[in-house]
Amino acid sequence: DTGVSQNPRHKITKRGQNVTFRCDPISEHNRLYWYRQTLGQGPEFLTYFQNEAQLEKSRLLSDRFSAERPKGSFSTLEIQRTEQGDSAMYLCAGKGEGSAFFGQGTRLTVV
Amino acid sequence: KNEVEQSPQNLTAQEGEFITINCSYSVGISALHWLQQHPGGGIVSLFMLSSGKKKHGRLIATINIQEKHSSLHITASHPRDSAVYICAALQGGSEKLVFGKGTKLTVNP
Numbered sequence: 336d337t338g339v340s341q342n343p344r345h346k347i348t349k350r351g352q353n354v355t356f357r358c359d360p361i362s363e364h365n366r367l368y369w370y371r372q373t374l375g376q377g378p379e380f381l382t383y384f385q386n387e388a389q390l391e392k393s394r395l396l397s398d399r400f401s402a403e404r405p406k407g408s409f410s411t412l413e414i415q416r417t418e419q420g421d422s423a424m425y426l427c428a429g430k431g432e433g434s435a436f437f438g439q440g441t442r443l444t445v446v
Numbered sequence: 056k057n058e059v060e061q062s063p064q065n066l067t068a069q070e071g072e073f074i075t076i077n078c079s080y081s082v083g084i085s086a087l088h089w090l091q092q093h094p095g096g097g098i099v100s101l102f103m104l105s106s107g108k109k110k111h112g113r114l115i116a117t118i119n120i121q122e123k124h125s126s127l128h129i130t131a132s133h134p135r136d137s138a139v140y141i142c143a144a145l146q147g148g149s150e151k152l153v154f155g156k157g158t159k160l161t162v163n164p
């Protein structure tokens with residue numbers, strides 16, 4: 336248990352629906368990251384927060400994706416109008432001054 | 056060419072063998088992470104290093120900044136070490152981790 340929790344663990348949704356994932360990092364983690372991992376690949380960076388400020392966004396993050404961290408604690412990642420290509424594992428990581436700690440991920444399947 | 060390359064992609068070993076997984080990177084980095092991912096997706100951070108060598112139990116990680124190369128070694132491997140091992144480089148001047156594709160390790164009893 337890394338102390339970073341993600342919910343839900345699994346999500347199956349129909350194409351075109353909106354989905355929202357949540358990440359709760361450890362309180363000391365001022366930095367929070369979202370990554371996406373498809374089968375057989377390493378995780379790809381999506382976005383990064385320092386406290387409540389979203390400081391970096393990948394070009395992978397299309398306008399259908401939005402992430403928030405309103406109070407600098409938990410974060411949400413929303414995907415609007417899901418497409419089959421959005422099917423992946425969405426990973427969240429928190430970081431203080433040391434190593435990053437990853438959550439278990441949310442596996443999204445778009446049918 | 057990926058910015059972070061790992062080898063081998065797949066590795067099968069017998070229990071007790073010494074394991075080496077290699078990682079080469081082409082970007083300037085401030086640190087390099089070794090991560091372990093079990094089936095089901097959970098990722099555990101094993102090491103974060105920016106120079107030299109770190110040891111934790113049967114795991115040893117080394118990095119050569121000049122050669123842009125890092126290795127993860129597992130001594131006296133055990134079936135419970137079976138997992139995907141991922142190398143991730145923290146780009147200098149950025150908070151972005153660039154991941155390798157991972158090395159799938161299977162240790163047979």
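Chains A and B supply the protein sequences, listed in that same order. All residue numbers for the first sequence refer to my numbering, where the first residue is 336 and numbers rise by one. All residue numbers for the second sequence refer to my numbering, where the first residue is 56 and numbers rise by one. Built from N, CA and C at the ideal position, the CB exists for glycine as well.
Cβ neighbour criterion (16 or more within 10 Å) applied to residue i
i: Thr373(A); result: exposed
i: Lys151(B); result: buried
i: Asp398(A); result: exposed
i: Ala143(B); result: buried
i: Lys108(B); result: exposed
i: Thr67(B); result: exposed
i: Ile120(B); result: exposed
i: His93(B); result: exposed
i: Arg404(A); result: buried
i: Gly429(A); result: buried
i: Ser79(B); result: buried
i: Leu395(A); result: exposed
Cβ pair residue i, residue j closer than 9 Å
i: Val139(B); j: Glu58(B); result: no
i: Ser132(B); j: Phe73(B); result: yes
i: His88(B); j: Leu145(B); result: yes
i: Glu418(A); j: Arg350(A); result: yes
i: Val339(A); j: Phe436(A); result: yes
i: Gly440(A); j: Arg344(A); result: yes
i: Ile76(B); j: Gln61(B); result: yes
i: Lys110(B); j: Gly375(A); result: no
i: Tyr425(A); j: Tyr383(A); result: no
i: Glu391(A); j: Lys406(A); result: no
CB contact below 9 Å: residue i versus chain D
i: Ser100(B); result: Going by chain labels, chain D is absent from the structure shown, which instead holds the protein chains A and B.
Any chain B beta carbon closer than 9 Å to residue i
i: Pro343(A); result: no
i: Gln419(A); result: no
i: Leu395(A); result: no
i: Arg366(A); result: yes
i: Leu443(A); result: no
i: Gly338(A); result: no
i: Pro378(A); result: yes
i: Leu412(A); result: no
i: Glu391(A); result: yes
Chain-order list of residues whose beta-carbon lies under 7 Å from that of residue i (same chain, five-residue window excluded)
i: Ile347(A); result: Thr444, Val446
i: Met103(B); result: Ala86, His88
i: Gly71(B); result: Ala131, Ser132
i: Pro63(B); result: Thr158
i: Gln69(B); result: Asn163
Cutoff 9 Å: residue i Cβ touching any chain A Cβ
i: Ile84(B); result: no
i: Ser137(B); result: no
i: Leu127(B); result: no
i: Ala131(B); result: no
Other residues of its chain near residue i: CB distance less than 6 Å, five sequence neighbours each side excluded
i: Ser105(B); result: Ala86
i: His128(B); result: Thr75, Ile115
i: Val99(B); result: Gln91
Close-in-space but distant-in-sequence residues of the same chain around residue i (CB under 8 Å, 5 per side omitted)
i: Gly433(A); result: none
i: Val354(A); result: Lys346, Thr348, Glu413, Ile414, Thr417, Leu443
i: Ser408(A); result: Asp359, Pro360, Ser362
Which ranges does the beta strand (DSSP E) cover as unbroken runs of at least 3 residues, wholly within the region 125 to 152 of chain B, from first to last along the chain?
138 to 146
Could you give the uninterrupted runs of the beta strand (DSSP E) lying entirely in the region 379 to 436 of chain A, keeping only those of 3 residues or more?
379 to 385, 388 to 392, 400 to 403, 410 to 414, 423 to 430
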